[in-house]
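Peer 1:
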Amino acid sequence: MGRPTGRAPFPPVPHIHIPCPREMAPMNPLPTDFTVSDYLIQRLHEAGLRDVFTVPGDYVARWFDYIDDKARNVGSQLNRLGCRSELEAGYAADAYGRINGISCAAVTYGVGAFSLINPVAGSYVERVPTVAISGSPGTGPADRPFARTYKILLHHATGNYGADRDAYEDITAEAIIISDAAEAPAMIDGALGAALSEKRPVYIEIWRQLWDTPCAKPEKALVIPPLPIDQDAVDAAAAHVASLIKAAAKPLFWGGIEVQRYGLQDGFAGLVDQTGIPYVTSLLAKSVLAETHPGFIGTYTGPSSDYSTYNTVDLSDLVVVTGDLLTDDYEGFVGKDFRQMVVAYDSTVRVGEAYYFQVPLAAFIEALSIALKDAGKRDPWAVKGPAVIDPDFKPFPPDVITYARFFQRMLTWVDADMTLVPDESSSMYVSCNIPVNRANAFVSEAAWGSIGYASAAALGLSVAAPDARPVVFAGDGGFQMVAQTVSTMAVYKRNPIIFVMANTIYGIEQALTNDKAYTEGQPFNPFNVIPSWDYAGLAVALGAKGVAVTTLTELESALSTVKADLDSVWLVQVNLPADDIPQEILRLASNTGPTPP
30 MGRPTGRAPF
40 PPVPHIHIPC
50 PREMAPMNPL
60 PTDFTVSDYL
70 IQRLHEAGLR
80 DVFTVPGDYV
90 ARWFDYIDDK
100 ARNVGSQLNR
110 LGCRSELEAG
120 YAADAYGRIN
130 GISCAAVTYG
140 VGAFSLINPV
150 AGSYVERVPT
160 VAISGSPGTG
170 PADRPFARTY
180 KILLHHATGN
190 YGADRDAYED
200 ITAEAIIISD
210 AAEAPAMIDG
220 ALGAALSEKR
230 PVYIEIWRQL
240 WDTPCAKPEK
250 ALVIPPLPID
260 QDAVDAAAAH
270 VASLIKAAAK
280 PLFWGGIEVQ
290 RYGLQDGFAG
300 LVDQTGIPYV
310 TSLLAKSVLA
320 ETHPGFIGTY
330 TGPSSDYSTY
340 NTVDLSDLVV
350 VTGDLLTDDY
360 EGFVGKDFRQ
370 MVVAYDSTVR
380 VGEAYYFQVP
390 LAAFIEALSI
400 ALKDAGKRDP
410 WAVKGPAVID
420 PDFKPFPPDV
430 ITYARFFQRM
440 LTWVDADMTL
450 VPDESSSMYV
460 SCNIPVNRAN
470 AFVSEAAWGS
480 IGYASAAALG
490 LSVAAPDARP
500 VVFAGDGGFQ
510 MVAQTVSTMA
520 VYKRNPIIFV
530 MANTIYGIEQ
540 ALTNDKAYTE
550 GQPFNPFNVI
560 PSWDYAGLAV
570 ALGAKGVAVT
580 TLTELESALS
590 TVKADLDSVW
600 LVQVNLPADD
610 IPQEILRLAS
620 NTGPTPP
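Under my numbering, the first residue of the sequence shown is numbered 30, with each subsequent residue one higher.
#1: In terms of residue numbering, what span does the beta strand (DSSP E) encompassing residue 502 cover?
#2: Check residue 108 in the structure and name its three-state DSSP category.
#3: Rounded to a whole number of angstroms, what is the C-alpha to C-alpha distance between residue 326 and residue 335?
#4: Give, in chain order, every unbroken run of the beta strand (DSSP E) that is at least 3 residues long and sits entirely within the segment 200-240.
#5: Counting along the chain, where does the alpha helix (DSSP H) carrying residue 94 start and finish?
#6: Spatial neighbours of residue 485 within its chain, please: C-beta separation below 6 Å, excluding the five flanking residues on both sides.
#7: Would you please state the rounded distance, in angstroms, between the beta carbons of residue 132 and residue 160? I believe it to be under 8 Å.
#8: Roughly how many angstroms separate the alpha carbons of residue 292 and residue 183, rounded to a whole number?
#9: Out of 624, 91, 71, point me to the one whose CA is closest to residue 343's CA.
#10: Give the DSSP-derived three-state secondary structure of residue 288 in the structure shown.
#11: Going by the beta-carbon positions, is the gap between residue 618 and residue 571 smaller than 8 Å?
#12: Tell me the rounded alpha-carbon separation between residue 446 and residue 79.
#13: Pick out the complete beta strand (DSSP E) segments inside the segment 506-572, 3 residues or longer, and give them in chain order.
#14: For residue 459, which of 435, 544, 532, 467 has the nearest alpha-carbon?
#15: Quick one, which of 345, 250, 330, 406 has its alpha-carbon nearest residue 301's?
#16: DSSP state of residue 470, grouped into three classes?
#17: With DSSP as the reference, please indicate the residues paired to residue 632 in a beta bridge.
#18: Taking residue 383 and residue 263 to be in contact with their CB atoms under 8 Å, please state how far apart those CB atoms are, rounded to whole angstroms.
#19: Whole angstroms is fine: what's the gap from residue 477's alpha carbon to residue 303's?
#20: Would you call the segment 168-177 in contact with the segment 133-145, where contact means no fewer than 3 C-beta pairs closer than 8 Å?
#21: Rounded to the nearest angstrom, what separates residue 210 and residue 243 at their Cα positions?
#22: Per DSSP, what kind of secondary structure is residue 575 in: helix, strand or coil?
#23: Hey, which unbroken runs of the alpha helix (DSSP H) at 4 residues or more fall wholly within the segment 340-401?
#24: Going by beta carbon distance, what residues of the same chain come within less than 6 Å of residue 51, once the five residues before and after it are set aside?
#25: Report the rounded CA-to-CA distance for residue 6 versus residue 389, giving the unit in angstroms.
#26: Whose CA, out of 562, 483, 491, 492, lies closest to the CA of residue 503?
#27: Suppose the cutoff is 7 Å on Cβ atoms and the five residues either side in sequence are ignored; what does the same chain contact list for residue 612 look like?
#28: Could you tell me which uninterrupted beta strand (DSSP E) segments, each at least 3 residues in length, are contained entirely in the segment 426-478, listed from first to last along the chain?
#29: Who does residue 80 pair with in a DSSP beta bridge?
#30: Note down, in chain order, each residue of its chain lying with its Cβ closer than 8 Å to the Cβ of residue 412, except the 5 sequence neighbours on either side.
#31: What are the start and end residues of the beta strand (DSSP E) that includes residue 163?
#32: On the DSSP bridge list, what partners appear for residue 309?
#33: Is there contact here, the segment 309-317 with the segment 465-476, by at least three beta-carbon pairs under 8 Å?
#34: Quick one: measure Cβ to Cβ for residue 193 and residue 91, integer angstroms, because I've assumed they're closer than 8 Å.
#35: Which of the three DSSP states is assigned to residue 100 in this structure?
#36: Where does residue 132 sit, in a helix, a strand or coil, going by DSSP?
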């Protein structure tokens, strides 16, 4: 093994906030009145939040004083985790929300809020109720009146003081500016209710002088509005789909991400068990149920799927997509036969060219189960094939680590108490073939696809579920965007394992723009070439542990070391040949399905 470096292992710590020196009691005493700050904290706690990912700034900093004062809001306290950038805070919050059911990132006005847009957009697309909080200039003596009188531009402002809110309107369920303490309770409740009801992010901007302004305490429980429902449409959709299922010879369920977001795993599993109909998942929804479920066939990723899963979907004469959005990964499948698909998503059921509106997924699953009760349970027409990682697409020296050899080893190295977190990289479409024997144990930003997400997401996952160790498969290009998150992990004594697949190439981008660089030896596009870093050394500089490996022998030793050390964050720099690429990615790039083994 390459020489591991770093500090001694951390002792085990409970899942509590570890304050840094700057997180002690605020220098300016907090008011004795119940304030807007207190209201926001208590409602967030009631909604299920326990941790807030933050980046400081003067417009929002006063709220952090309230969070850090542990003598305040007893019974409704939040922990604050300081992050190195808004990108990191947003990604961490997004991942936290996927496990916890709600999350929060808090930043300052302008520079912070605009930097947080990318992670929040990902939460919107992939249905995560992330609460984005920003402080902003108010009507204090140094704020807007001063700017209007002297015609100066306030720091972090564009001059349009609604610009931040406006930027969030298309990527949130609600985007609001709170400028009146009397209105704050109703506005906060409305935004949080929308986030939890629609499973979408919300943006809450609060004028900074309101943090200390008194307001009414919560009197009643937070109301989560039910989704609009048309029972006639529910019953009609269920009857229509049930008739198609009964007539189909080889029907197939497709378990989607809404099943997880809305807590419908038991209902979906019951539907599969009742009918005997097998199911696949998308990459985004992988591990919606533990993959030990007897009805599970595999993770379907279009042409990059393993042959058994790909063939099952191809043979099916009816696919019922239950709670999933379809991306261009599935354009070949969608274009094959529009009439052989049912898509239930976002309170709409499409059956061929017919649409049923105001049909929430929970109601649809329940109604479909009732409509199929007289159909009995079928014998399975398809079963899961063995877990397969495609071999190297061309010869490499026998002891060199390649993508295929690395992920073939992961098939047996990964444990059930690990959460797999592949980045949008050459690793994503390979790692989906690793069996995941625990629900919600595979987290990917497969639809939004922002590279760099996975490493910062591991921070959030380690806080939301401290007993499930995150294992990241990061491309070196994506990791370079959020490398400083390793420091945050070390400060808060988290224990993710980050495998940085180091090949100095944006590999998936190169394959999608010109895969002949791999298959025919053509030059890499210059814009896909990235600098080489000493990732293992960087991990040590950031307070973690690191090791670099190039051979399979070194990898084996490193795998043993990092698995045994449960108390440290580890970075394993996996040095790969620059001209290596997984076959799964080549198939995706060429839109060519797998061949029989």
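Built from N, CA and C at the ideal position, the CB exists for glycine as well.
Peer 2: Reading it off the structure:
#1: 498-504
#2: strand
#3: 11 Å
#4: The segment 200-240 contains these whole beta strand (DSSP E) runs: 203-207, 231-236.
#5: 90-97
#6: 117, 120, 121, 511, 514
#7: Rounded, the Cβ-Cβ distance is 7 Å, consistent with contact.
#8: Spanning the two alpha carbons is a distance of roughly 44 Å.
#9: 624
#10: DSSP places residue 288 in helix when its eight states are reduced to three.
#11: no
#12: 22 Å
#13: List check, beta strand (DSSP E) in window: 526-531.
#14: With distances taken between Cα atoms, residue 459 lies closest to 435.
#15: 406
#16: coil
#17: Coverage of the chain is limited to positions 30 through 626, which leaves residue 632 absent and any answer about it impossible.
#18: At roughly 14 Å, the Cβ-Cβ gap does not stay under 8 Å, so residue 383 and residue 263 are not in contact.
#19: 34 Å
#20: With a cut-off of 8 Å, the segment 133-145 and the segment 168-177 do not count as touching, because too few Cβ pairs lie within range.
#21: Per the coordinates, the alpha-carbon of residue 210 lies some 7 Å from the alpha-carbon of residue 243.
#22: strand
#23: Runs of the alpha helix (DSSP H) inside the segment 340-401: 360-365, 390-400.
#24: Note that residue 51 has pLDDT 38, beneath the 50 cutoff, so the model's placement of it is unreliable and no number is given.
#25: With the chain running from 30 to 626 in the structure shown, residue 6 is simply not present.
#26: For residue 503, the nearest C-alpha among the options comes from 483.
#27: Answer for residue 612: 419, 422, listed in chain order.
#28: 447-451
#29: 108
#30: 307, 326
#31: 159-165
#32: 283, 327
#33: yes
#34: Contact doesn't hold; Cβ gap of about 18 Å is too wide.
#35: When DSSP states are grouped into helix, strand and coil, residue 100 belongs to the coil group.
#36: strand
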